[in-house]
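What follows is one structure encoded as structure tokens, with my remarks underneath.
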Amino acid sequence: MGEQVSVSLLGLGVVGSGVVKLIENHQEELAHRLGCSVQVKSILVRDIEKVRDVSIDQTLLTTDPNDILQDPEVDVVVEVMGGIKESFQHILDAFSAKKHVVTANKDLVALHGPELQQAADKNHCDFYYEASVAGGIPILRGITDGLSSDRIQQVMGIVNGTTNYILTKMNNEGVSYENALKEAQELGFAESDPTADVEGLDAARKMAILGRLAFSTDIELSEVEVAGIKNLDLEDLKYGERLGYTMKLIGFASCENGQVEVNVQPTLLSKDHPLADVKNEYNAVYVYGEAVGETMFYGPGAGSLPTATAVVSDLVTVIKNMKLGVSGHSAVKPRFKKELKTADKRLGQYYIRLHVKDEVGAFSTISSLFNTFNISFKRILQTPVKKHEVAEIILVTHQTSLETFNHSLHDLKNLDVVMEVKSYYKVEGDVEREMAGVTKTL
Numbered sequence: 120m121g122e123q124v125s126v127s128l129l130g131l132g133v134v135g136s137g138v139v140k141l142i143e144n145h146q147e148e149l150a151h152r153l154g155c156s157v158q159v160k161s162i163l164v165r166d167i168e169k170v171r172d173v174s175i176d177q178t179l180l181t182t183d184p185n186d187i188l189q190d191p192e193v194d195v196v197v198e199v200m201g202g203i204k205e206s207f208q209h210i211l212d213a214f215s216a217k218k219h220v221v222t223a224n225k226d227l228v229a230l231h232g233p234e235l236q237q238a239a240d241k242n243h244c245d246f247y248y249e250a251s252v253a254g255g256i257p258i259l260r261g262i263t264d265g266l267s268s269d270r271i272q273q274v275m276g277i278v279n280g281t282t283n284y285i286l287t288k289m290n291n292e293g294v295s296y297e298n299a300l301k302e303a304q305e306l307g308f309a310e311s312d313p314t315a316d317v318e319g320l321d322a323a324r325k326m327a328i329l330g331r332l333a334f335s336t337d338i339e340l341s342e343v344e345v346a347g348i349k350n351l352d353l354e355d356l357k358y359g360e361r362l363g364y365t366m367k368l369i370g371f372a373s374c375e376n377g378q379v380e381v382n383v384q385p386t387l388l389s390k391d392h393p394l395a396d397v398k399n400e401y402n403a404v405y406v407y408g409e410a411v412g413e414t415m416f417y418g419p420g421a422g423s424l425p426t427a428t429a430v431v432s433d434l435v436t437v438i439k440n441m442k443l444g445v446s447g448h449s450a451v452k453p454r455f456k457k458e459l460k461t462a463d464k465r466l467g468q469y470y471i472r473l474h475v476k477d478e479v480g481a482f483s484t485i486s487s488l489f490n491t492f493n494i495s496f497k498r499i500l501q502t503p504v505k506k507h508e509v510a511e512i513i514l515v516t517h518q519t520s521l522e523t524f525n526h527s528l529h530d531l532k533n534l535d536v537v538m539e540v541k542s543y544y545k546v547e548g549d550v551e552r553e554m555a556g557v558t559k560t561l
């Protein structure tokens, strides 16, 4: 390898512009770390004449991907164009041309990560994607390198800044979902079409990637159970506050006895949990290892320069591998055959809000039903809705299996005294403590 490494970009949007800025502004640091300079040789764009917020030599721009993918002088391709089909083919073509690839494309990695990794291995190329999860937080490198000597048992994360901003406004200020979303859009934290964020799809893609790396198994995106925040009721957030919880959209992945589960859902998180204080657009990932115990990675989960920092860090790793002659040998390959945890082995606590007939014996009937499933209550809260007509009961269960909880929920809805099951959510990070003034009975 010579005194200069040539890099080309596929895309020059928000992240691509940040990558160009970092490479240009950090030349001395890069040369110090790598012993060579890094040159941006060409950039694929859709419109060469478009006005951009980064100063760029126009002669570097091209609308033909072959100017990059078939250029023998290009050592590394940085894919920051987004999308799936076109990007997927460009990366495969880059590997075929023996070019290393760095990407920030979470959608692509979540859907086709294992296939792309196989193509990289076949061609002895590096394939890195730190920026695909949690922006500038080095969580993938933390798992694959920093915790490589440990057995990771659980990964929990707030991995979507849009939903965390919305929930922070709802939790702290009592703002409605609609108004919080509107404010997030005005501030640029939410897209004009926020579907992928608020329905949990973005977080699910990131959790599929995290689960693969944490547990060394091929988790498919379709195997991640997903629920979003669109239907959240402020009443549940208020009751959660009274009971010592805060509502977060949590990505959860665990591995126990070789069985894995991965899901994304609104979760009432104990205020004692490290993730409970992660506010606004920030991301955080909590990792529990068999040896190390609790660790947490926190920082900005999006944005031009934070995400670009992760991209350029991957680029530095690729160049170091080139200099050491170990390209294509650093990937974390699947080690274990995938086995998904069944519902009878998925244990957790649950919050339930009910509207019941305000009559003698109503709670006794409800309690008897839960007793038949061997489910006990950790907390009970009752408030009248309409005098002599409806009572609202909030229950927090002790730990039970998902299978048992679902069966109890089915039977609960069929009880004559139960007018409506208003909502139910998983509870995480709960602790044993007295809640003075909270527990009441009928």
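Using the numbering used here, you'd call the opening residue of the sequence shown number 120 and step up by one each time.
The C-beta atom is built at its ideal place from N, Cα and C for all residues, glycine as well.
Contact defined as beta carbons within less than 8 Å: I believe residue i pairs with residue j. What is the distance between those atoms, to the nearest angstrom?
i: Pro393; j: Met366; result: Contact flag wrong, Cβ pair sits at about 16 Å.
i: Ser161; j: Leu179; result: 5 Å
i: Phe482; j: Thr523; result: Wrong, their Cβ atoms sit about 20 Å apart, outside the cutoff.
i: Lys325; j: Lys225; result: 6 Å
i: Ser136; j: Ser335; result: Actually they are not in contact, since the Cβ atoms of Ser136 and Ser335 sit about 35 Å apart, beyond 8 Å.
i: Gly420; j: Gly254; result: 4 Å
i: Ala346; j: Pro385; result: 6 Å
i: Leu368; j: Asn279; result: 6 Å
i: Ala327; j: Ala229; result: 5 Å
i: Leu534; j: Ile485; result: 7 Å
i: Val138; j: Val197; result: 6 Å
i: Asp245; j: Ser449; result: 7 Å
i: Leu591; j: Gly467; result: Residue 591 lies beyond the residue range present for the chain, which begins at 120 and ends at 561; the question has no answer from this structure.
i: Glu513; j: Arg472; result: Checking the sequence, you will find Ile at residue 513 rather than Glu. Indeed, because the Cβ distance is near 5 Å, the residues count as touching under 8 Å.
i: Glu344; j: Asn382; result: 4 Å
For residue i, report the span of its alpha helix (DSSP H) as first-last.
i: Ser486; result: Ala481 to Thr491
i: Pro419; result: Per DSSP, Pro419 belongs to no alpha helix (DSSP H); it is in the beta strand (DSSP E), Gly412 to Pro419.
i: Glu443; result: The sequence shown places Leu at residue 443, rather than the Glu named in the question. Residues Ser423 to Leu443.
i: Lys241; result: Lys225 to Lys241
Let me check one thing: in DSSP terms, what residues is residue i bridge-paired to?
i: Glu547; result: Leu388
i: His474; result: Glu511 and Glu539
i: Pro503; result: Ala510
i: Leu466; result: Ser520
i: Val406; result: Val274 and Thr414
i: His219; result: Val195
i: Leu459; result: Val379
i: Phe496; result: Thr516
In terms of residues, what are the limits of the beta strand (DSSP E) holding residue i?
i: Val126; result: Gln123 to Leu129
Count Cβ pairs between the segment 367 to 381 and the segment 456 to 471 that sit closer than 8 Å; are there 3 or more? yes
Touching by the beta-carbon criterion (3+ pairs, under 8 Å), the segment 402 to 412 and the segment 160 to 170: no
Would the segment 357 to 372 count as touching the segment 439 to 447 if we require 3 or more Cβ pairs under 8 Å? no
Quick one: which unbroken beta strand (DSSP E) runs of 3-plus residues sit fully inside the segment 134 to 212? Chain order, please. 156 to 163 and 195 to 198
Taking only runs that begin and end inside the segment 246 to 334, name each unbroken alpha helix (DSSP H) of 4 or more residues, in chain order. 280 to 292, 296 to 305, 314 to 317 and 320 to 334
Mind pulling the beta strand (DSSP E) runs of 3 or more residues that sit fully within the segment 336 to 397? 364 to 375 and 378 to 389
So does the segment 259 to 268 actually touch the segment 229 to 245, counting three or more Cβ pairs closer than 8 Å? no
Touching or not, the segment 311 to 328 and the segment 502 to 518, by the rule of three or more beta carbon pairs under 8 Å? no
Using a Cβ distance threshold of 8 Å, determine whether the segment 422 to 439 contacts the segment 297 to 307, with at least three qualifying pairs required. no
Between the segment 206 to 218 and the segment 143 to 160, do at least 3 Cβ pairs fall closer than 8 Å? no
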